[in-house]
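Residue 5 is where the sequence shown starts when you use this note's numbering, and the numbers rise one by one after that.
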Amino acid sequence: MNPQAKLIFITSLLLGTTITISSNHWIMAWAGLEINTLAILPLISKSHHPRAIEAATKYFLVQAAASALVLFSSMTNAWCTGQWDITQLTHPTSCLILTSAIAMKLGLVPFHFWFPEVLQGSPLATGLLLSTAMKLPPMTLLYMTSPSLNPTLLTTMAILSTALGGWMGLNQTQIRKILAFSSISHLGWMAIILAYNPKLTLLNFYLYALMTTTVFLTMNSMKVLKLSTLMTAWTKMPSLNAMLLLTLLSLAGLPPLTGFLPKWLIIQELTKQDMAPAATIISLLSLLSLFFYLRLAYCTTITLPPHTTNHMKQWHTHKPTPTLIAILTTMSVTLLPASPMILAII
5 MNPQAKLIFI TSLLLGTTIT ISSNHWIMAW AGLEINTLAI LPLISKSHHP
55 RAIEAATKYF LVQAAASALV LFSSMTNAWC TGQWDITQLT HPTSCLILTS
105 AIAMKLGLVP FHFWFPEVLQ GSPLATGLLL STAMKLPPMT LLYMTSPSLN
155 PTLLTTMAIL STALGGWMGL NQTQIRKILA FSSISHLGWM AIILAYNPKL
205 TLLNFYLYAL MTTTVFLTMN SMKVLKLSTL MTAWTKMPSL NAMLLLTLLS
255 LAGLPPLTGF LPKWLIIQEL TKQDMAPAAT IISLLSLLSL FFYLRLAYCT
305 TITLPPHTTN HMKQWHTHKP TPTLIAILTT MSVTLLPASP MILAII
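What follows is the structure, encoded as structure tokens:
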């Protein structure tokens, strides 16, 4: 892709995100979401492969429908209350439509079907943007409207997201699809606590974005897209593979690592809100996604491929690990002891 064109698209992404995050008026927030959608489309379809074009078309249709619903919900609210302010969303029908619209934008169950397909058709760098940066504007809208949203609806969608994100990821061999189902599962954790403690939703999102960025950048450095190529990648960059193992275990939420922090705080908050059954169900359902993280981790470092394999071993490269990946991995693994400081900040 032409560097000037890429610069324009990245700048538009930053502009759209900034407009949505900083706006108080629904029309401005909608305009920011539209700029974002239009800026990411060329990045998805830049390879001109039929799969990429298909992914871009699906993404455009879903995001256009979701944006129309956002506009419809804000207009309904303005019609009934006279308020265009984002934080003044009080009409129950508007809240319901907005929850559906944002769920569609994020890929929450039952509006999740587009996300694995779009991620599978995109390059890894664009997949990283779709999994992290593109979810920030809808998350901020949820954060701003959280007092008005229906807790029962959010809890139901959250438990279904965690369940389906875990179940549908079990049988996958494509790494981008596994990461898409991992994203759906994590969104469940963010949605369940939104009505009770929205700051924890944002904390969970930030830490999820940190760990997912590490995984995507590592996969991009290793040029790995399938489990079968991941099995032979250990000969190429052994140190990077060891770092990927720790990041995957952190993404799974295992205790001594960073990923355990948001899950621990969410379970604690749910228990305080007398929602121990919901906390138990979502914790048990996260074991499903733990299985495919462990499978990825096993393929990354523990498996020695059989000698009859038809995959050639890759040359060991002596390139140093990129500094950014090293910093992100360190943060993805070691932030748990700093949790009092993180809680003081939020």
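We put the beta carbon where it would ideally sit given N, CA and C, even for glycine.
Item: Where the alpha helix (DSSP H) containing GLY257 begins and where it ends; Value: Note, GLY257: premise wrong, no alpha helix (DSSP H); not H, not E.
Item: Residues that DSSP places opposite LYS230 in a beta bridge; Value: GLN178
Item: 8 angstroms CB neighbourhood of SER98 in its chain, flanking five on each side removed; Value: SER77, SER78, THR80, ASN81, CYS84
Item: Cβ neighbour criterion (16 or more within 10 Å) applied to LYS276; Value: exposed
Item: Ranges of the alpha helix (DSSP H) found wholly within the region 36-87, counting only runs of at least 4; Value: 54-85
Item: Inter-residue CB distance, VAL113 and ALA59 (contact presumed, cutoff 8 angstroms); Value: Not really, about 20 angstroms apart at Cβ, beyond 8 angstroms.
Item: Endpoints, the alpha helix (DSSP H) within which PRO266 is located; Value: 264-276
Item: Beta-carbon proximity check, ILE48 vs SER126, cutoff 8 angstroms; Value: yes
Item: Local conformation of HIS29 per DSSP, three classes; Value: strand
Item: Pairwise C-alpha distance: LEU65 and LEU291; Value: 33 angstroms
Item: Sequence-distant residues of the same chain with beta carbon closer than 8 angstroms to LEU206, five excluded per side; Value: MET143, TYR147, ILE350
Item: Cα-Cα separation, LYS181 to GLY131; Value: 10 angstroms
Item: Assigned exposure category for LYS109 - 16 Cβ within 10 Å defines buried; Value: buried
Item: Distance between PHE209 and TRP34 (C-alpha atoms, nearest Å); Value: 21 angstroms
Item: Same chain, Cβ closer than 7 angstroms to MET226, five either side skipped, listed in chain order; Value: ALA237, LYS240, MET241, LEU244
Item: Range covered by the alpha helix (DSSP H) that runs through LEU146; Value: 140-149
Item: Same chain only: Cβ atoms within 6 angstroms of ASN224, ignoring 5 sequence neighbours per side; Value: LEU128
Item: Distance between ALA199 and SER26 (C-alpha atoms, nearest Å); Value: 21 angstroms
Item: THR304 and LEU252 closer than 8 angstroms at C-beta; Value: yes
Item: Limits of the unbroken alpha helix (DSSP H) element including ILE101; Value: 96-110
Item: Assigned exposure category for ILE12 - 16 Cβ within 10 Å defines buried; Value: exposed
Item: Counted within 10 angstroms of its Cβ, other Cβ atoms place PRO120 as buried (16 or more) or exposed; Value: buried
Item: Cα-Cα separation, SER150 to PRO202; Value: 7 angstroms
Item: Own chain residues within Cβ distance below 6 angstroms of SER16, not counting five before or after; Value: ILE39, ALA43
Item: MET5 vs LYS50 beta-carbon contact at 8 angstroms; Value: yes
Item: Integer Cβ distance of LEU289 from ALA195, believed to fall under 8 angstroms; Value: With 8 angstroms as the limit, LEU289 and ALA195 do not qualify as a contact, their Cβ atoms being about 13 angstroms apart.
Item: Backbone CA spacing between LEU100 and ALA184 [nearest angstrom]; Value: 25 angstroms
Item: Proximity to THR1 [Cα-Cα], best of ILE329, LEU140, ARG55; Value: Shown here, the chain extends from 5 to 350; a query on residue 1 therefore has no answer.
Item: Length of the line joining the Cα atoms of ALA246 and THR222; Value: 11 angstroms
Item: Start-to-end residues for the alpha helix (DSSP H) that takes in TYR297; Value: 280-301
Item: First and last residue of the uninterrupted alpha helix (DSSP H) at TRP171; Value: 155-173
Item: Cβ neighbours of MET32 in the same chain (closer than 7 angstroms, five flanking residues each side left out); Value: ILE23
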